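Visitor: Mapping of the sequence shown onto UniProt numbering: position 95 corresponds to residue 95, and the numbering continues sequentially without gaps. Note that beta-carbon positions come from the ideal geometry of N, C-alpha and C, so glycine has one too. Just so you know, these numbers come straight off a predicted model, no measurement behind them. Can you read through this structure? Questions will come right after.
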Amino acid sequence: MSQLIVAALQEIKAELKALELWSPLPPSPEAMASTAPFCCDTMPFEHWLQFVLLPRMQALLDGDHPLPEKVSILPMAEVALAKYSQDTRLLLYWIGRFDACFQTD
């Protein structure tokens, strides 16, 4: 399962870059301290993917720590990315594949 997670994370990163949604500058410490889901009160969703999800998941995998039991990012991604003129379907696909790695049904 971890190979599928790593592949999905790599593709999410690649798509963020391809869509020019990758930020060269990190959010402020205040923005990173948000307790709102997806830091939605302090940063755009794509920054949350880049600066929160990707590094935290990588740290869990690298440290062989327990992974979340359930992940459901796609619904938020669909709403948050709808505002962009770019074709985000491939990014949404990979976010959905990432979510699916944690489905136990």
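Between K83 and P66, what straight-line distance do the alpha-carbon atoms span, to the nearest angstrom?
Guide: Going from the Cα of K83 to the Cα of P66 covers about 34 Å.
Visitor: Since L9 contacts M57 with CB under 8 Å, what's their CB separation in whole angstroms?
Guide: 6 Å
Visitor: When the Cα of P68 is compared with those of G96, A7, F102, E20, which residue comes out closest?
Guide: F102
Visitor: Looking at P26 and F45, is the spacing between their C-beta atoms short of 8 Å?
Guide: no
Visitor: Which residues bound the alpha helix (DSSP H) around W48?
Guide: 45-48
Visitor: On the three-state DSSP scale, how would you describe A34?
Guide: First, the amino acid is wrong: residue 34 is Ser here, not Ala. DSSP places S34 in coil when its eight states are reduced to three.
Visitor: Quick check on V52: does DSSP put it in helix, strand or coil?
Guide: helix
Visitor: Label A77 either buried or exposed according to how many other C-beta atoms from any shown protein chain fall within 10 Å of its C-beta, with 16 as the threshold for buried.
Guide: buried
Visitor: How far does the alpha helix (DSSP H) with V6 in it reach, from first residue to last?
Guide: Segment 2-18, the alpha helix (DSSP H) holding V6.
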